[in-house]
Amino acid sequence: METTVIGHRNPDMDSICSALAYAELKRLSGQTGVRAARAGGINERIDFVLKKFGVEAPVLIKDMSPRVADVMETEVVAVRAGSSVYDALQIIERNQMRGLPVVDEMNRCLGLLSAFKITHHLYPSREQAESARHVTASLEAIMATFGGSLVAGVLSSEPAEQLLMVGAMAEDSFATRLERYEHLQVVLFVGDRPQILSMAIKARVNAIVCTGGYPIDEAICEEAREAKVTMILSPHDTATSVLLARGAAQVERVLESEYQSFEAETFLEDARGLAAQSAGFIFPVLDSGGGLVGILSKSDFLKEIPRQLILVDHNELDQAVRGAEKIKILEVIDHHKLGGISSDTPILFLNNPLGSTCTIVSLCYEQMGIAISPSMAGLMMAGIIADTLNLTSPTNTPVDVAVLGRLGKIALVDPDQLAREIFSVGSPLLTMTTEQAIRVDSKPYADLGQRFSVAQIEELNFDYFEGRRADLLEALELERARDGLLFACLLVTDISGQNSYLLVRGAERFLRTISYPLISPQVWMLAGVVSRKKQLLPYLLQCLARMSSHDE
Ligand SMILES: [Mn+2]
Numbered sequence: 014m015e016t017t018v019i020g021h022r023n024p025d026m027d028s029i030c031s032a033l034a035y036a037e038l039k040r041l042s043g044q045t046g047v048r049a050a051r052a053g054g055i056n057e058r059i060d061f062v063l064k065k066f067g068v069e070a071p072v073l074i075k076d077m078s079p080r081v082a083d084v085m086e087t088e089v090v091a092v093r094a095g096s097s098v099y100d101a102l103q104i105i106e107r108n109q110m111r112g113l114p115v116v117d118e119m120n121r122c123l124g125l126l127s128a129f130k131i132t133h134h135l136y137p138s139r140e141q142a143e144s145a146r147h148v149t150a151s152l153e154a155i156m157a158t159f160g161g162s163l164v165a166g167v168l169s170s171e172p173a174e175q176l177l178m179v180g181a182m183a184e185d186s187f188a189t190r191l192e193r194y195e196h197l198q199v200v201l202f203v204g205d206r207p208q209i210l211s212m213a214i215k216a217r218v219n220a221i222v223c224t225g226g227y228p229i230d231e232a233i234c235e236e237a238r239e240a241k242v243t244m245i246l247s248p249h250d251t252a253t254s255v256l257l258a259r260g261a262a263q264v265e266r267v268l269e270s271e272y273q274s275f276e277a278e279t280f281l282e283d284a285r286g287l288a289a290q291s292a293g294f295i296f297p298v299l300d301s302g303g304g305l306v307g308i309l310s311k312s313d314f315l316k317e318i319p320r321q322l323i324l325v326d327h328n329e330l331d332q333a334v335r336g337a338e339k340i341k342i343l344e345v346i347d348h349h350k351l352g353g354i355s356s357d358t359p360i361l362f363l364n365n366p367l368g369s370t371c372t373i374v375s376l377c378y379e380q381m382g383i384a385i386s387p388s389m390a391g392l393m394m395a396g397i398i399a400d401t402l403n404l405t406s407p408t409n410t411p412v413d414v415a416v417l418g419r420l421g422k423i424a425l426v427d428p429d430q431l432a433r434e435i436f437s438v439g440s441p442l443l444t445m446t447t448e449q450a451i452r453v454d455s456k457p458y459a460d461l462g463q464r465f466s467v468a469q470i471e472e473l474n475f476d477y478f479e480g481r482r483a484d485l486l487e488a489l490e491l492e493r494a495r496d497g498l499l500f501a502c503l504l505v506t507d508i509s510g511q512n513s514y515l516l517v518r519g520a521e522r523f524l525r526t527i528s529y530p531l532i533s534p535q536v537w538m539l540a541g542v543v544s545r546k547k548q549l550l551p552y553l554l555q556c557l558a559r560m561s562s563h564d565e
């Protein structure tokens with residue numbers, strides 16, 4: 014079972030750092046198969062912190078939806094194209110399967126061999142029965158099917174089209190029939206009949222299978238050797254020997270070359286739809302070169318997905334990595350408002366209105382008595398500093414202050430110095446495109462029957478704001494129209510002055526409800542507002558409520 018610890022889409026510092034630190038805590042407490050992940054790109058500030066503390070960025074996962082690779086069988090039982098139908102049947106029976114994939118020497122899938130197809134080959138309809146005597150196989154393969162032994166001539170391993178013939182008629186009739194088959198490679202099955210044997214050797218048939226286990230006269234063997242006719246002894250009677258010999262046909266003659274296949278990365282949901290429409294019973298899973306990497310059976314769709322999620326720094330599926338709703342959520346560690354998540358079984362749900370998720374994770378380490386490494390302490394400091402604007406945001410609590418102090422002693426880093434370093438790196442307005450600036454920390458919401466988005470960027474001051482104002486407003490309007498939102502807004506926070514500008518594009522009836530001072534079209538001054546979750550979001554919800562009551 015693989016456990017992925019992951020923060021929200023458009024991850025911020027707290028999301029990235031809490032995922033890394035919590036995954037590490039899980040590993041240290043003995044859980045295996047735990048990895049940290051991120052649901053989106055990382056910005057310059059996060060990159061700076063990861064480098065400073067020497068930690069690799071968590072793996073990027075854009076979609077957690079179950080894939081074919083999650084449930085497919087990777088230990089594939091396959092059969093080579095050159096194998097005999099007889100051998101394939103033995104494998105099918107031994108493994109209690111309904112069929113097999115057929116591969117070439119490079120393990121590329123050539124088709125499927127089904128028990129049904131084999132049955133059809135061995136028991137053709139009456140109309141096609143004549144052709145059933147033609148078998149493309151080597152003499153070696155034919156002999157192997159009935160466990161015979163060579164008594165004269167050579168045993169070719171080259172496949173060729175052979176005509177299976179039984180010498181069960183009177184000598185005259187036999188002679189006439191042999192003439193008819195002159196141009197064919199005849200493999201004659203005959204019992205203890207010296208005359209027939211002699212005639213066949215003189216006619217230089219390709220091979221003779223002496224059935225019934227009778228001893229063969231040495232003179233006849235000598236005759237066969239001189240005429241270069243292969244003679245094989247079968248321990249079985251004629252009927253049994255011929256029946257088994259037909260299984261020498263190569264599987265590539267019997268395979269089904271039209272079949273439904275998947276790639277390991279195919280979404281399981283898509284595969285399920287295609288499999289349901291297909292008459293196939295197994296589905297080869299192929300790599301880009303056609304190589305066979307797995308097999309999917311219809312019963313595999315019922316398997317439990319061997320992956321689970323731990324959500325950090327969010328608890329709303331709208332904000333979670335795509336596909337999160339399709340797999341089991343094991344834990345939620347968060348400090349945001351509740352977003353109506355539900356589960357099938359009891360789960361660990363730790364929501365604590367502290368300044369950052371990193372603060373909560375740090376408390377988890379302490380509670381479990383597990384030592385925090387200096388690099389993880391550094392990461393968690395960065396998460397606390399970024400989310401609380403270095404302990405100045407209204408979301409900050411005395412617990413955050415105490416935890417940040419303790420982490421500083423472990424990481425041997427001064428919190429104020431770290432804060433200065435973080436916020437001086439990569440001013441979003443200076444270093445990002447307009448598109449990035451409105452998306453880097455944007456969250457979607459669906460509240461009071463309305464959908465909207467709220468983004469935030471932090472600046473050391475408003476120096477670069479005026480030059481970007483028009484472009485930011487235009488980009489917000491594009492996003493709002495594209496996603497069909499009531500409004501899209503961006504909070505530009507000056508962390509030194511502890512103020513923010515709020516840029517909003519959206520329905521006029523909503524904009525009317527904003528009571529802060531308007532400083533230019535669609536830009537409001539929010540003095541003392543720095544927190545999205547604790548200040549802006551509750552305010553926006555009030556505005557929405559006011560709008561609804563006016564609408565009525
Ligand atoms: Mn957070």
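With the first letter of the sequence shown counted as 1, position 400 gets the number 413 in the numbering used here; the numbers rise by one all the way through.
Positions of the beta carbon are idealized from the N, C-alpha and C atoms, including for glycine.
Can we count residue i as close to ligand 1, meaning its CB is less than 7 Å from some heavy atom?
i             : result
histidine 563 : no
serine 312    : no
threonine 370 : yes
aspartate 400 : yes
aspartate 413 : no
aspartate 326 : yes
aspartate 454 : no
aspartate 331 : no
aspartate 427 : no
aspartate 507 : no
aspartate 460 : no
aspartate 27  : yes
Please report how far the alpha carbon of residue i lies from the alpha carbon of residue j, in whole angstroms.
i             : j                 : result
serine 312    : isoleucine 105    : 18 Å
arginine 193  : asparagine 219    : 15 Å
glycine 53    : alanine 432       : 23 Å
glycine 336   : histidine 133     : 44 Å
glycine 541   : leucine 485       : 22 Å
glutamine 175 : phenylalanine 294 : 32 Å
serine 144    : valine 200        : 15 Å
leucine 361   : serine 533        : 47 Å
leucine 246   : phenylalanine 187 : 21 Å
glutamate 276 : alanine 82        : 8 Å
leucine 539   : phenylalanine 523 : 17 Å
lysine 547    : asparagine 365    : 13 Å
histidine 327 : alanine 558       : 24 Å
arginine 22   : arginine 107      : 49 Å
proline 297   : glycine 160       : 33 Å
glutamine 103 : glutamine 109     : 10 Å
glycine 112   : leucine 489       : 57 Å
serine 97     : arginine 266      : 10 Å
serine 375    : arginine 525      : 43 Å
leucine 402   : cysteine 371      : 14 Å
proline 114   : lysine 339        : 30 Å
aspartate 250 : proline 228       : 13 Å
proline 407   : phenylalanine 478 : 24 Å
alanine 483   : threonine 405     : 30 Å
Is the beta carbon of residue i less than 8 Å from the beta carbon of residue j?
i              : j              : result
leucine 631    : threonine 158  : Any question about residue 631 goes unanswered here, given that the chain covers just 14 to 565.
proline 248    : glycine 226    : yes
glutamate 472  : serine 440     : yes
arginine 58    : isoleucine 342 : no
serine 544     : leucine 498    : no
arginine 146   : leucine 177    : yes
proline 79     : arginine 51    : no
leucine 41     : isoleucine 383 : yes
asparagine 474 : aspartate 507  : yes
serine 562     : valine 325     : no
Residue i: beta carbon under 7 Å from a heavy atom of ligand 2?
i           : result
leucine 123 : Annotation note on ligand 2: not contained in the displayed structure, which lists ligand 1 as its ligands.
Can at least three beta-carbon pairs, one atom from the stretch 300-308 and one from the stretch 68-75, be found at a separation below 8 Å? Output reads no: the stretch 68-75 does not touch the stretch 300-308.
Any 3 or more C-beta pairs closer than 8 Å across the stretch 349-360 and the stretch 391-401: Output reads no: the stretch 391-401 does not touch the stretch 349-360.
Does the stretch 370-383 come close enough to the stretch 423-441 to have 3 or more Cβ pairs within less than 8 Å? Result no; under three Cβ-Cβ pairs closer than 8 Å.
Counting Cβ pairs, one atom from each stretch, are 3 or more of them under 8 Å apart for the stretch 117-130 and the stretch 153-161? Judged by Cβ distances under 8 Å, the stretch 117-130 makes no contact with the stretch 153-161, as fewer than three pairs qualify.
Do the stretch 497-505 and the stretch 514-532 touch if we need at least three Cβ pairs shorter than 8 Å? Yes: the two stretches touch, three or more of their Cβ pairs being nearer than 8 Å.
Take every Cβ of the stretch 176-183, pair it with every Cβ of the stretch 234-241, and state whether three or more of those distances are shorter than 8 Å. Touching, no.
Is it a yes or a no for the stretch 443-451 touching the stretch 408-417, going by three-plus beta-carbon pairs under 8 Å? In short, these stretches do not touch, since the Cβ pair count stays below three.
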